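Going down the list, the protein sequences come from chains V and Y.
Going by the working numbering, 186 is the number at position 186 of the first sequence; the sequence numbering is gapless.
Going by the working numbering, 143 is the number at position 143 of the second sequence; the sequence numbering is gapless.
The C-beta atom is built at its ideal place from N, Cα and C for all residues, glycine as well.
Keep in mind the model is a prediction, meaning the values are calculated, not measured.
Notes to accompany the following structure.
Number of protein chains: 2
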Amino acid sequence: MKIIFLGTSGTVPTGQRNHSAIVLEYLDEYFLFDCGEGTQRQLRIAGVNPMKFDNIFITHLHADHILGLGGLIQSLDFMDRKRTLDIWGPKGMQRVIDQILNTGTFRLSNFDVKVHEIESGEILRGPRYKVSCVPTRHTTNSYGYCFEETSKRKFLKEKALQLGVPEGPLFSRLQKGKSVEVNKKVINPDDVLDKPIPGRKIVYTGDTIPCDQVVELAKNCDVLIHDSTFSHELVDKATDMGHSTTQQAAEVAKKANVKKLYLTHISQRYTEPKKLEREARKVFEHSRIAEDFMVVEIEKHW
Amino acid sequence: MKIIFLGTSGTVPTGQRNHSAIVLEYLDEYFLFDCGEGTQRQLRIAGVNPMKFDNIFITHLHADHILGLGGLIQSLDFMDRKRTLDIWGPKGMQRVIDQILNTGTFRLSNFDVKVHEIESGEILRGPRYKVSCVPTRHTTNSYGYCFEETSKRKFLKEKALQLGVPEGPLFSRLQKGKSVEVNKKVINPDDVLDKPIPGRKIVYTGDTIPCDQVVELAKNCDVLIHDSTFSHELVDKATDMGHSTTQQAAEVAKKANVKKLYLTHISQRYTEPKKLEREARKVFEHSRIAEDFMVVEIEKHW
Numbered sequence: 001m002k003i004i005f006l007g008t009s010g011t012v013p014t015g016q017r018n019h020s021a022i023v024l025e026y027l028d029e030y031f032l033f034d035c036g037e038g039t040q041r042q043l044r045i046a047g048v049n050p051m052k053f054d055n056i057f058i059t060h061l062h063a064d065h066i067l068g069l070g071g072l073i074q075s076l077d078f079m080d081r082k083r084t085l086d087i088w089g090p091k092g093m094q095r096v097i098d099q100i101l102n103t104g105t106f107r108l109s110n111f112d113v114k115v116h117e118i119e120s121g122e123i124l125r126g127p128r129y130k131v132s133c134v135p136t137r138h139t140t141n142s143y144g145y146c147f148e149e150t151s152k153r154k155f156l157k158e159k160a161l162q163l164g165v166p167e168g169p170l171f172s173r174l175q176k177g178k179s180v181e182v183n184k185k186v187i188n189p190d191d192v193l194d195k196p197i198p199g200r201k202i203v204y205t206g207d208t209i210p211c212d213q214v215v216e217l218a219k220n221c222d223v224l225i226h227d228s229t230f231s232h233e234l235v236d237k238a239t240d241m242g243h244s245t246t247q248q249a250a251e252v253a254k255k256a257n258v259k260k261l262y263l264t265h266i267s268q269r270y271t272e273p274k275k276l277e278r279e280a281r282k283v284f285e286h287s288r289i290a291e292d293f294m295v296v297e298i299e300k301h302w
Numbered sequence: 001m002k003i004i005f006l007g008t009s010g011t012v013p014t015g016q017r018n019h020s021a022i023v024l025e026y027l028d029e030y031f032l033f034d035c036g037e038g039t040q041r042q043l044r045i046a047g048v049n050p051m052k053f054d055n056i057f058i059t060h061l062h063a064d065h066i067l068g069l070g071g072l073i074q075s076l077d078f079m080d081r082k083r084t085l086d087i088w089g090p091k092g093m094q095r096v097i098d099q100i101l102n103t104g105t106f107r108l109s110n111f112d113v114k115v116h117e118i119e120s121g122e123i124l125r126g127p128r129y130k131v132s133c134v135p136t137r138h139t140t141n142s143y144g145y146c147f148e149e150t151s152k153r154k155f156l157k158e159k160a161l162q163l164g165v166p167e168g169p170l171f172s173r174l175q176k177g178k179s180v181e182v183n184k185k186v187i188n189p190d191d192v193l194d195k196p197i198p199g200r201k202i203v204y205t206g207d208t209i210p211c212d213q214v215v216e217l218a219k220n221c222d223v224l225i226h227d228s229t230f231s232h233e234l235v236d237k238a239t240d241m242g243h244s245t246t247q248q249a250a251e252v253a254k255k256a257n258v259k260k261l262y263l264t265h266i267s268q269r270y271t272e273p274k275k276l277e278r279e280a281r282k283v284f285e286h287s288r289i290a291e292d293f294m295v296v297e298i299e300k301h302w
């Protein structure tokens, strides 16, 4: 599992930071979270083939989080994409896509864009993961997303043998969560499976002031990617504008007992982000300012 | 007078080339030609304040030439711009701007965007320049632009003195193109002004197959910036897609007797652009492949 930061700027991009966009790579699937202007080019530079995405998750409909969708969709069409592209976002997402597909002399001839307007809770389940969302607190309707790998239970081979289960197809049946009968005795999966080990969990807030919903969503996660637009000196401005300070993001990370915090959506005024990182680390040690093209590998739990 | 190339890619951007956009700086005015996705960030990197633009000229309404308008307009609003921004482009330009201003939760509260849908001929006249356009030949309604500095006539001081005009306010009157009377004899400006020296002239084609209109528009210009999407091996593809090859662009430059040719809109397939440059130079020596952030100074004619 790998995170690639494509854009870590606040509303206005800088030479070092492009608009918001984050790639999550899990097994052979690629997920995109937010798609600010210039994302298709950031993907090129990062060496990620845009054809690999099937799902794009948008946190909210402000320009700096969505203006890359038009170019990306058009380029996918240009590359002869056939597979449907699913785009998830708040109420209004369909209208945005309709507007985009009506701008200029747009051509979308090869594939469909399917829009899902989200509310709260689980929105997508894959073979080994689920994606859920919660409303956050920004100046417009906004959501944070959680990508969570399915938990896994280790098969206790010794215990199974003790219970008289012979090695072979019955092992496999139990591992799949089905009961078996041995010597007229029923053996249940719970008898031979260890307690569940939670899978890896990533949470991305989009733009938000600190909020309990994020603390809840991010509980014990591996990586929390949190809005950190301003230094805490500008806490009032941050609140007015629906953003968090670095210190506030670190407080959320601490409360949620996350393993690692990445701070993003950095205002253009901070040309020396290490200062922000120090501010965060005073509250939560495992804090890091995200940079464009930073790659974060998340180790397996089992 | 200075040209700054902000984006020189074909339809799909690469790590080295962003979408089409060119800045022209003349005295204290800044003009933008095309505005592909990511242009606002290219401006940042080039160190050009986007607040300085009053006029943006769009060659045609394909996505790779216009998708930067939304982000640029929003950032100008964010920067508290008050002055009206004039955008020039083909029929349909107004609809594009309307769509852009209706995408997402767009906020445009501080200034007006005034759209001019162009046809042919002179479209804008400044104190010391004019901008004109001609239809070009692409797969959609498209235009090439010409920026031309006003011509200047040198004041022939010796001749004026010989004709009995005393140094002082009468000199100034004649220089401004007005007649004066000296010893009951009328002296006309033509008597004391040398023949006009044409001003500097820049032509940008946007996307087009080679065409006579561009040859005419570019006659004797200082700089011709021409579509050069493909090498001449792909001439059929270029024609089908409404583009020029490098060789064709060079032929246009030669016919138009331009001083310098810059080749742009380079397809992503060319990772070694010097090959294209050699192709052009076989036809027209003063050819150069444009690169992002290349700056071209154009010397004064007087």
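Annotated as distal: isoleucine 66 of chain V and glycine 38 of chain V, with beta-carbon spacing of 9 Å or more. With 16 or more other Cβ atoms from the protein chains shown falling within 10 Å of its own Cβ, histidine 138 of chain Y counts as buried.
Contact of glutamine 99 of chain Y with chain V is assigned, a C-beta pair being separated by under 9 Å. At a cut-off of 9 Å, the C-beta of histidine 19 of chain V has a neighbouring C-beta in chain Y.
Sequence-distant partners of serine 75 of chain Y (beyond 5 residues in either direction) whose C-beta falls short of 7 Å from its own C-beta, in its chain, are Gln40, Pro50. Buried is the label assigned to aspartate 292 of chain Y, since at least 16 other Cβ atoms lie within 10 Å of its Cβ. Taking C-beta separations shorter than 6 Å and ignoring five residues to either side along the sequence, the partners of arginine 288 of chain Y in its chain run Tyr262, following chain order. Cβ neighbours of proline 196 of chain V within its own chain (closer than 8 Å, five residues either side excluded): Ser151, Lys152, Arg153.
Here valine 192 of chain Y has Leu156, Lys159, Ala160, Leu174 as same chain residues with Cβ atoms under 6 Å from its own Cβ, once five neighbours each way along the sequence are excluded. Residue contact with chain Y for glutamine 94 of chain V: absent (no Cβ-Cβ distance below 9 Å to any residue of chain Y). Here glycine 92 of chain Y is not near glutamate 119 of chain Y, since their CB atoms are 9 Å or more apart. Here glutamate 277 of chain Y carries a helix assignment [DSSP, helix/strand/coil]. For glycine 89 of chain Y, there is no enclosing alpha helix (DSSP H); the enclosing beta strand (DSSP E) covers residues 85-89. Distance check between glycine 47 of chain V and each of Y:Gln42, Y:Pro13, Y:Val165, Y:Ile100 places Y:Pro13 closest, using alpha-carbon atoms only.
Taking 9 Å as the cut-off, the beta carbon of aspartate 34 of chain V is found closer than this to the beta carbon of isoleucine 22 of chain V. At a cut-off of 9 Å, the C-beta of proline 135 of chain V has no neighbouring C-beta in chain Y. Checking the DSSP bridge columns, you'll see histidine 226 of chain V partnered with V:Leu263.
The beta carbon of glycine 199 of chain V is closer than 8 Å to those of Arg128, Tyr129, Glu148, Glu149, Thr150, Ser151, Lys152, His301 in its chain, skipping five residues each way along the sequence. Cα atoms of valine 215 of chain V and isoleucine 3 of chain Y: separation of roughly 51 Å, rounded to the nearest angstrom. When Cβ pairs closer than 8 Å are counted between the two stretches, the region 203-210 of chain Y is seen not to touch the region 180-192 of chain Y, the count staying below three. Within the same chain, and ignoring the five residues on either side of asparagine 257 of chain Y in sequence, the residues whose Cβ sits closer than 7 Å to its Cβ are Lys219, Asn220. For the C-beta of glutamine 74 of chain Y, the chain V residues within less than 7 Å are, from N- to C-terminus, Ala63. If you ignore the 5 residues before and after leucine 276 of chain Y, its C-beta comes within less than 8 Å of the C-beta of Ser228, Ser231, Thr246, Leu263, Ile266, Tyr270, Ile289, all in its own chain and listed in chain order.
The DSSP-derived three-state label of histidine 138 of chain V is coil. Secondary structure within the region 41-108 of chain Y: the beta strand (DSSP E) runs of 3 or more consecutive residues, fully enclosed, are 53-57, 85-89 (chain order).
In terms of Cα proximity to isoleucine 73 of chain V, the closest of V:His62, V:Lys114, V:Val252 is V:Lys114.
For glutamate 117 of chain V, no Cβ of chain Y is located within less than 9 Å of the residue's own Cβ. In the DSSP secondary-structure assignment, isoleucine 289 of chain V is bridged to V:Leu263.
Not a single CB atom of chain V sits nearer than 9 Å to the CB of isoleucine 22 of chain Y. For asparagine 110 of chain V, no Cβ of chain Y is located within less than 9 Å of the residue's own Cβ. Straight-line spacing of the CA atoms in asparagine 18 of chain V and glycine 36 of chain V works out to 8 Å. Sixteen is the threshold: since fewer than 16 other Cβ atoms of the shown chains lie within 10 Å of the Cβ of asparagine 110 of chain V, the residue is exposed.
Under a criterion of Cβ atoms nearer than 8 Å, the residues of chain Y adjacent to glutamate 37 of chain V are, in order, Glu37, Gly38, Gln40, Arg41, Leu67, Gly68, Gly70, Gly71. Going by DSSP, arginine 125 of chain V is part of the beta strand (DSSP E) stretching over 121-125. Separation of leucine 217 of chain V and histidine 286 of chain V (C-alpha to C-alpha, rounded to the nearest whole angstrom) is 18 Å. Under the Cβ criterion of 9 Å, isoleucine 197 of chain V is not counted among the residues facing chain Y.
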